[in-house]
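In our numbering, the protein residues as written are 1 to 301.
Note that CB positions come from ideal geometry on N, CA and C, so glycine has one too.
The structure under discussion appears below in the form of structure tokens.
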């Protein structure tokens with residue numbers, strides 16, 4: 001019997017993207033109130049045997065999430081604003097440059113800024129241990145403050161509601177419930193495998209990892225905050241994966257508690273129309289997987 005696949009996804013502009021086994025399904029509410037679905041291909045480098053190797057798979061999933069997520073966002077924005085034919089994929093160069101800028105801003109805000117702030121405290125006589133703790137606390141505080149401020153923006157509110165709808169649809173599927181509005185609405189909008197949970201775990205894991213890195217010389221410290229990001233992401237992914245597979249474990253509940261609490265900021269209660277879009281994305285992802293599995297070996301991909 002094949003191992004159960006854990007579907008997941010993200011909210012996009014007026015829609016939801018669900019990642020399946022072989023591709024992702026995007027469902028977007030058009031200006032005429034119709035729902036359009038599109039299939040997004042998963043990059044070849046994101047699959048294969050390395051997808052099952054612990055730690056390495058975390059880096060692959062993180063990179064794939066960034067690439068496919070950016071494609072889904074740009075396509076959904078075009079569909080939601082009715083900008084003609086949006087079937088043309090975004091240029092790989094455009095995606096690469098956009099992701100590079102986003103990663104650099106993220107590293108600067110959540111890693112470099114707390115580091116240099118803690119260096120200022122270190123100059124005041126605080127110990128290396130104290131400086132590491134202060135850096136971690138500043139990083140965690142910056143992350144939560146960023147989430148809080150972003151979540152208050154009016155234009156983001158609908159995206160957060162679609163985020164909640166995505167979680168509810170995934171949870172309904174995992175529970176074997178019917179994928180209709182009344183059934184999906186019974187499920188919580190917080191989910192233990194949420195991307196927000198992953199990012200919060202990254203912030204906490206980074207505190208532990210950086211404890212083992214000397215705080216001098218400064219170039220080494222700066223380099224470590226950049227080069228160790230994939231390592232931290234890999235460890236964090238394994239923690240989230242374990243938590244998703246053992247939801248009743250006492251220690252898992254301790255880990256997932258703050259993650260679920262943070263989702264009070266990153267999700268909103270969706271309306272029926274938003275749940276309908278999430279259901280369309282979920283059904284499309286399942287249908288795409290069924291079609292791919294039904295194709296004979298060596299058939300068309």
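Check                                                                                             : Outcome
Rounded C-alpha distance that separates residue 301 from residue 107                              : Any reading at residue 301 must be qualified, since the residue scores a pLDDT of 33, below 50, and its modelled position is unreliable; the value itself is stated next. Rounded to the nearest angstrom, the two C-alpha atoms are 37 Å apart.
Where residue 37 sits in the DSSP three-state scheme                                              : strand
Entirely enclosed alpha helix (DSSP H) segments - the stretch 127-206, minimum 4 residues         : 128-151, 154-174, 181-184
Host beta strand (DSSP E) of residue 10 (start-end)                                               : 8-12
Reference residue 188, options 67, 164, 207, 178, closest by Cα                                   : 164
Where residue 211 sits in the DSSP three-state scheme                                             : coil
Touch test, the stretch 144-154 against the stretch 251-261, Cβ-Cβ under 8 Å, three pairs minimum : no
Residue nearest to residue 202 in terms of C-alpha spacing, selected from 136, 72, 24, 29         : 136
CB contact flag (residue 312, residue 193, <8 Å)                                                  : Within the shown structure, residues of the chain are numbered from 1 to 301, placing residue 312 beyond reach of any answer.
Where residue 302 falls, given that 16 or more other Cβ within 10 Å makes a residue buried        : The chain is shown only over 1 to 301; residue 302 falls outside these bounds and no answer can be derived.
Buried/exposed call for residue 101, threshold 16 Cβ in 10 Å                                      : exposed
Beta-carbon proximity list for residue 179, same chain, < 8 Å, skipping 5 on both sides           : 169, 172, 173, 279, 282, 283
Option in 44, 38, 46, 133 with minimal Cα separation from residue 77                              : 38
Residue 238 and residue 55 closer than 8 Å at C-beta                                              : yes
Element boundaries [beta strand (DSSP E), containing residue 15]                                  : 15-19
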